[in-house]
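J.: Shown below is the structure under consideration.
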Amino acid sequence: MTDLHALYRDLHQHPELSLREFRTAGVLADALRPLGFDVTTGVGGTGVAGVLRNGDGPVVMLRADIDALPVEEKTGLPYASTQRATNADGEEVPVAHACGHDMHATCLIGAAEQLAGARAEWSGTLLVVFQPAEELGCGARNMIEDGLFERFGKPDVVLAQHVGPLPAGMIAHGSGPVMAASDSLRVTLFGRGGHGSAPEIAVDPVLMAAHVVVRLQGIVAREISPSERAVVTVGRLQAGTKDNVIPETAEVGVNVRTFNENTRGIVRAAVERIVRAEAAASGAPREPEFEWHDSTPVLVSDPDATARTVAAFTERFGQERLIPGALVNSSEDVGVFGAAAGVPTVFWFFGGIDFSAWEPGKAVAMNHSPEFAPDLEPTLTTGVDALVVAARAWLRS
Ligand SMILES: [Zn+2]
Ligand SMILES: [Zn+2]
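Here the sequence shown is numbered in our numbering, starting from 4 and rising by one per residue.
Right, here's the structure in full:
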């Protein structure tokens, strides 16, 4: 039997940034191979795919993400990460599994082991996928573009989970949209540079950018129905080098979160319209430039497929360990697999926090916080069980 606690601590102590998950991929491939899976590394960069063919029946894909974040761990755990790495900009940054992807990967090894051990009880094919670069929103796409489904088989369903700041041992499930679409935009505004004392012969991109930032906040307030949900955040605003110099350009970094394609289209179009209009209002000498990037679609947990999976959860865990999941504004790229294959995705959250020592008013560390780390148990066992139960709900008995 794999020592899952040791595997988890090892992954936790050796986090790797998105697209650099080389050691992690190796450790997971080495853990999967002895279980009888056909294992391939280097899929879409640092992804790992494992296939276990076990007779006729559906192809069930189980996916875990494996990347860590540039966060300095402050959990005080004996196995806390002290790792540092060089990021894509060449800067040295701390690295930690602050989103719990080490837990997801460990749970998937545990589930693969249980399912492989019980292969006399089911038939079908298990496709186990360890996905890199979830935090960049490109890992799923990278694996698909590298021929994941052509090389390893097209699944009939995609199953995945995320650990979160809920009571350990609990499972939260939504149905339909469960996580937001995220779209980022780089806007370049063009003015005409000049002396700060002579604004009349310049076109000031700083004032233009300021109007853009304020006006963009009118989209959600005035153009989206109050019954819909959307977020428009300007997280970056850059212009100028000196107080008395009017710069040539300004850059605005925008992030949009929406929950359906209609609203997403409305917000994206409104952002571009407002930016163009503000540039025109300022007398800009040149049209603004738009570069949409880091795009993740809405994550939809297919209602029918979710109902089938949750029925199996209810039978195994009892109603008392299930909670209805709230729609969250963060994003996940696992839905890209199901969409590309044209099959349902089922996604749920499982709790990672021991609330026995919790007191009212005490803050609970969320994913991406330096203090976030799941309590090892019963988190790990619950995550393993949930994957096994979900897979068995789809494999032929
Ligand atoms: Zn995350
Ligand atoms: Zn995550």
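From the three backbone atoms N, C-alpha and C, an ideal C-beta is built for every residue, glycine too.
Here the structure is a predicted model, which means the values were calculated and not measured.
Given this structure, state the Cα-to-Cα distance separating L31 from P37, to the nearest angstrom.
T.: The straight-line gap from Cα to Cα measures roughly 11 Å.
J.: Using a beta-carbon distance below 9 Å, is S185 in contact with chain B?
T.: Among the chains of the structure shown, chain B does not appear; only one protein chain is present.
J.: According to DSSP, is E254 helix, strand or coil?
T.: The answer is strand: DSSP assigns E254 an E or B state.
J.: Please classify H296 as buried or exposed, where buried requires at least 16 neighbouring CB atoms within 10 angstroms.
T.: Looking at its Cβ environment, which holds fewer than 16 other Cβ atoms inside 10 Å, H296 is exposed.
J.: Any heavy atom of ligand 2 inside 8 Å of the beta-carbon of H165?
T.: Under cutoff, so the answer is yes.
J.: Spell out the partners DSSP gives R87 in its beta bridges.
T.: In the DSSP output, where bridge partners are listed per residue, R87 has P97.
J.: Following the continuous alpha helix (DSSP H) through M211, name the residue where it begins and the one where it ends.
T.: Here the alpha helix (DSSP H) through M211 covers P208 to G221.
J.: Looking at the secondary structure, which residues open and close the alpha helix (DSSP H) in which P168 lies?
T.: Premise fails: P168 lies in the beta strand (DSSP E), V160 to P170, not in any alpha helix (DSSP H).
J.: In terms of alpha-carbon separation, which member of L188, K245, P300 and E323 lies closest to A273?
T.: For A273, the nearest C-alpha among the options comes from L188.
J.: What residue does the beta strand (DSSP E) around I356 start on, and which one ends it?
T.: Looking at the DSSP string, the run of the beta strand (DSSP E) that includes I356 is T348 to I356.
J.: On the three-state DSSP scale, how would you describe S359?
T.: Correct three-state label for S359: helix.
J.: Between E137 and ligand 2, is there a pair consisting of the residue's CB and a ligand heavy atom that are separated by less than 8 Å?
T.: Checking the Cβ of E137 against ligand 2 gives yes.
J.: If you check the beta carbons only, do F353 and M173 fall under 9 Å apart?
T.: In this structure, M173 lies closer than 9 Å to F353 by Cβ.
J.: Give the list of continuous alpha helix (DSSP H) stretches no shorter than 4 residues that lie fully inside the segment 274-361.
T.: For the segment 274-361, whole alpha helix (DSSP H) runs of length 4 or above, ordered along the chain, are 306-320 and 338-344.
J.: What span of residues does the beta strand (DSSP E) with V190 cover, start to end?
T.: Start and end: A184 to F193.
J.: Pairing CB atoms from the segment 101-116 with CB atoms from the segment 376-386, are three or more of them under 8 Å?
T.: Yes, the segment 101-116 touches the segment 376-386.
J.: Can you tell me whether G386 is buried or exposed, with buried defined as 16 or more other CB within 10 angstroms of its CB?
T.: Under this definition G386 is a buried residue.
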